Structure formats: C-alpha cells, structure tokens
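To keep things clear, I will list the structure first and then write my remarks on it.
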Amino acid sequence: MTDAEGGAGMPAAGAGSAEDEGWMRVALEEAAAAQALGEVPVGAVLVRGGELVARGHNLTHTLQDPSAHAEMVAIRRAAQTIGHWRLLDCALYVTLEPCTMCSGAIVLARIPRLVYGAPDPKAGMTGSLGNLVQHPRLNHRVDLVGGVLERECGDVLRAFFRARRRRPEPDAPQEPLE
Ligand SMILES: [Zn+2]
C-alpha cells in the first residue's frame with residue numbers, strides 16, 4: 004500500500020512531505036526508547052518553525068501513570084520549554100493515532116497540526132473511532148495528516164506485541180493494531 008492510499012475512512016490520510024517523514028523518524032527513535040523500557044513503543048515529537056521543541060515516549064508502565072502517553076509527555080515538556088500552555092505554531096508528530104485523552108490534550112493545547120503514523124482501529128480518536136481534533140462543535144480544529152511512515156510505525160508495534168504474546172504478563176496493555 005502506498006502512503007497516498009491511506010487507511011479506509013481515515014480523514015486527510017495521505018503522503019507526508021519529506022519533512023514530515025523526517026520528523027516521524029525522530030518520533031520512531033522515541034518509540035524505540037519506549038520499547039527499551041518494555042513500554043508499548045509509541046513516540047512523539049513537537050516541532051515549531053522547523054525546530055524540535057520536545058520529544059517524548061510512552062512511560063505508562065514506568066511511571067504507573069495512565070496519562071503518560073508519548074503525546075502527553077511531549078506536550079508537557081513542550082509547554083515547559085515554551086513557557087506557555089498554548090502550543091501555537093507547533094506540529095505534533097506521533098507514531099500511533101492518538102487516543103481520546105491525547106486528542107483532547109491536543110485540542111486544549113491549541114496545537115494547529117497533527118501528523119501520525121499508524122492508525123489505531125481500537126482506540127484512535129482522530130479518525131478511527133471518531134475525530135475529536137476536527138469536531139465541528141469544538142472551536143479548535145487541527146490540520147491532520149495520517150499514514151506517514153505507516154508501515155514502519157505499525158511494524159514496531161506489531162513486533163512488540165508479537166514478542167509480548169510469547170511471554171504474556173497479567174497486566175499487558177491492549178494491542179492497538181490487532
Ligand atoms: Zn493517548
């Protein structure tokens with residue numbers, strides 16, 4: 004499948020620019036950092052004016068914090084770096100379609116642009132289950148591109164859960180892509 008085909012029913016899915024792919028590769032580095040900790044491998048970066056503002060990876064298990072998704076970690080760090088809760092002029096890159104919580108945080112932070120890699124048919128809230136970041140009754144709409152390096156982003160997750168199935172744990176997280 005080419006990037007241009009996107010996922011069925013996904014809004015604005017399409018090929019990212021070379022710049023989008025470059026930042027998604029940085030997000031993939033963060034996903035690898037999560038995996039090294041035994042976390043579900045999801046990574047995120049926030050970029051402003053072509054410069055990296057913050058990066059983050061999933062730390063849910065490490066911190067025992069259900070809100071420590073990659074996007075939330077990156078958003079908190081970016082707000083600290085910028086010194087403001089509004090992340091204007093920023094683009095968020097994340098390897099997996101954001102969940103309900105992260106989609107809400109993206110809207111609350113007024114992030115103007117979201118680029119994600121693999122869709123999450125089980126929990127994604129930027130196209131799969133619904134689309135919070137482009138909700139017609141919210142006063143903030145996000146420019147959205149999905150499917151950037153979709154194959155690579157999804158393969159990292161599929162490999163993680165394939166290995167996890169061979170050594171299951173009682174509190175193993177839900178698999179997003181299966
Ligand atoms: Zn999330």
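For the sequence shown, my numbering assigns the number 4 to the initial residue and increments by one for each residue that follows. Where a beta carbon is used, it is the ideal one built from N, C-alpha and C, also for glycine. From a predicted model like this one, the values you see are computed outputs, not experimental measurements.
One or two residues paired with N61 in a DSSP bridge: Residue 61 sits at position 58 when you count from the first residue of the sequence shown. Bridge partners of N61: none, in fact.
G9, DSSP secondary structure in three states: For the purposes of this step, residue 9 is identified with residue 6 of the sequence shown, where counting begins at 1. Reliability of the predicted coordinates at G9 is poor, the pLDDT of 38 falling under 50, and the value obtained from them is presented with this limitation in mind. The three-state secondary structure of G9, taken from DSSP, is coil.
Separation of P115 from A57, as counted between CA atoms: Position 54 of the sequence shown, counting from 1, holds the residue named residue 57. Position 112 of the sequence shown, counting from 1, holds the residue named residue 115. So the alpha carbons of these two residues sit roughly 16 Å apart.
Segment contact flag, the stretch 74-81 with the stretch 47-63, C-beta cutoff 8 Å, min 3 pairs: yes
CA-to-CA distance, C156 to R167, given in whole angstroms: As a first step, residue 167 must be located in the sequence shown, where it is residue number 164. As a first step, residue 156 must be located in the sequence shown, where it is residue number 153. Roughly 17 Å separates the two Cα atoms.
Cβ pair count under 8 Å reaching 3, the stretch 146-155 against the stretch 63-79: no
M13 versus K125: straight-line alpha-carbon distance, rounded: To locate residue 13, count along the sequence shown from 1; it is residue 10. To locate residue 125, count along the sequence shown from 1; it is residue 122. Model confidence at M13 stands at a pLDDT of 44, short of 50, so the residue's coordinates are unreliable and nothing is read from them.
D6 to G149 span [Cα, whole Å]: Position 3 of the sequence shown holds residue 6. Position 146 of the sequence shown holds residue 149. Reliability of the predicted coordinates at D6 is poor, the pLDDT of 39 falling under 50, and the value obtained from them is presented with this limitation in mind. Approximately 9 Å between the Cα atoms of the pair.
P115 Cβ short of 7 Å to ligand 1 heavy atom set: As a working note, residue 115 is residue 112 in the sequence shown. Checking every heavy atom of ligand 1 against the Cβ of P115, none is found closer than 7 Å.
Heavy atom of ligand 1 within 7 Å of P101 beta-carbon: Residue 101 sits at position 98 when you count from the first residue of the sequence shown. Because some heavy atom of ligand 1 lies under 7 Å away, the Cβ of P101 counts as near it: yes.
Distance cut-off 7 Å: C105 Cβ against heavy atoms of ligand 1: Reading the sequence shown from its first residue, position 102 is the one you call residue 105. Under cutoff, so the answer is yes.
CB contact flag (F163, Q38, <8 Å): The residue you call residue 163 lines up with position 160 of the sequence shown. The residue you call residue 38 lines up with position 35 of the sequence shown. Going by C-beta atoms, F163 is nearer than 8 Å to Q38.
In DSSP terms, what A112 is bridged to: Residue numbering aside, residue 112 sits at position 109 when the sequence shown is read from its first letter. Bridge partners of A112: none, in fact.
Residues of its chain near R144, where Cβ-Cβ distance is below 6 Å and the 5 sequence neighbours each way are ignored: The sequence position of residue 144 within the sequence shown is 141, counting from 1. If we look at R144 and ignore the five residues flanking it on each side, its Cβ neighbours are Q137.
Beta carbon of T98 nearer than 8 Å to that of G46: Position 95 of the sequence shown holds residue 98. Position 43 of the sequence shown holds residue 46. In this structure, G46 lies closer than 8 Å to T98 by Cβ.
When L111, A36, G52, R170 are compared against A73, the one with the closest alpha-carbon: Taking the first residue of the sequence shown as position 1, residue 73 is located at position 70. Of the listed residues, the one whose Cα sits closest to A73 is A36.
Buried or exposed by the 16-neighbour rule on C-beta atoms within 10 Å, applied to L117: As a first step, residue 117 must be located in the sequence shown, where it is residue number 114. With 16 or more other Cβ atoms within 10 Å, it is buried.
Delimiting residues of the beta strand (DSSP E) encompassing R154: In the sequence shown, residue 154 corresponds to position 151, counting from 1. Note, R154: premise wrong, no beta strand (DSSP E); alpha helix (DSSP H) at 153-169.
Three-state class that DSSP yields for C2 in the structure shown: Summary: the structure shown does not reach residue 2, with the chain confined to residues 4 through 181, and so no result is reported for it.
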